[in-house]
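Protein sequences appear in the order of chains A and B. Sequential numbering of the first sequence, starting at 1, is according to the numbering used here. Sequential numbering of the second sequence, starting at 110, is according to the numbering used here.
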Amino acid sequence: LAKTTQPISMDSYEGQEVNITCSHNNIATNDYITWYQQFPSQGPRFIIQGYKTKVTNEVASLFIPADRKSSTLSLPRVSLSDTAVYYCLVLDSNYQLIWGAGTKLIIKP
Amino acid sequence: DTGVSQDPRHKITKRGQNVTFRCDPISEHNRLYWYRQTLGQGPEFLTYFQNEAQLEKSRLLSDRFSAERPKGSFSTLEIQRTEQGDSAMYLCASSLSSGRAVGETQYFGPGTRLLVL
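This is the structure in structure tokens:
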């Protein structure tokens, strides 16, 4: 099975850029790496997805190196409402869904 | 369509009782997933359906757990003879399959929080 590793928690301040890295090995070679955001008492919500290099959407960027053994979620100019838990999701080489344990991001004013 | 819905939102039961949860996915989505999440942990995959067919079931899933999606629309998750260790948030998600492996975007419901006394 693949294993993912994320920092347990991170702190930052409003207006800063935040980068959260997930390490993952033995992932499927032909599928996406996905990041989700979760607020308390809610289900996770899709943020961004990528296969390799860099992907950017209206809320985040995702950087994936060529070896795909890690991925970095970048949140530009965070606000208090970005306080949440962030998960990476990958498929392992047996096509099993593997969620990270999550990174609790706390944004301070 | 307002998204994935789950019912009930909260359930308290006594050990040994059976419980059943319902999930209504986004109407055009053909895939439906069930997860379990405990405090401070990421979602743990339980099972998923493509239309009415149950294609994958976690090897860690006890035989006390069973799920159905009889008409390829809503799904139910039943836990028989509940144990205190079953206390968790049960999440349902749906997606529109693009035909590849299960990496497409999933849309989650609000979850059902189960407490077994």
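Note that CB positions come from ideal geometry on N, CA and C, so glycine has one too.
Asked	Found
Within 10 Å of its beta-carbon, does A66 of chain A have 16 or more other beta-carbons around it, so buried, or fewer, so exposed?	exposed
Would you mind stating whether E192 of chain B and S175 of chain B have Cβ atoms separated by less than 8 Å?	no
Name, in chain order, the residues that DSSP records as bridge partners for V55 of chain A.	A:L62
Out of B:K123, B:R124 and B:V128, point me to the one whose CA is closest to P117 of chain B's CA.	B:V128
Any beta-carbon of chain A closer than 8 Å to the one on L200 of chain B?	yes
Here's the rule: buried if 16 or more other CB atoms are within 10 angstroms of the residue's CB, otherwise exposed. What is D195 of chain B?	buried
Is S12 of chain A helix, strand or coil by DSSP?	strand
Tell me the rounded alpha-carbon separation between A2 of chain A and P152 of chain B.	15 Å
Would you kindly work out how many angstroms separate the C-alpha atoms of W35 of chain A and I47 of chain A, rounded to a whole number?	6 Å
Sorted by chain position, which residues of the same chain lie with C-beta nearer than 6 Å to T185 of chain B's C-beta, five sequence neighbours on each side aside?	T129, R131 and E177
Between the region 32-46 of chain A and chain B, which residues of the former have CB atoms less than 9 Å from a CB of the latter, in chain order?	Y32, I33, T34, Y36, Q38, S41, Q42, G43, P44, R45 and F46
CA-CA distance, A28 of chain A and K180 of chain B?	31 Å
Assuming F154 of chain B and L141 of chain B form a contact by the criterion Cβ under 8 Å, report the distance between their Cβ atoms to the nearest whole angstrom.	Wrong, their Cβ atoms sit about 12 Å apart, outside the cutoff.
Please return the same chain residues whose Cβ sits closer than 6 Å to the Cβ of E111 of chain A, not counting the five positions on each side in sequence.	Because chain A spans 1 through 109 in this model, residue 111 of chain A falls outside it and cannot be assessed.
Let me check one thing: in DSSP terms, what residues is G50 of chain A bridge-paired to?	A:I33
Identify the continuous beta strand (DSSP E) that holds F154 of chain B and give its terminal residues.	E153 to Q159
Distance, Cα to Cα, A60 of chain A vs Q115 of chain B?	29 Å
Quickly, what does DSSP pair I27 of chain A with across the bridge? List them, please.	A:D92
Could you pull the start and end residues of the beta strand (DSSP E) that D133 of chain B belongs to?	V128 to D133
Return the first residue and the last residue of the beta strand (DSSP E) that F174 of chain B is part of.	F174 to E177
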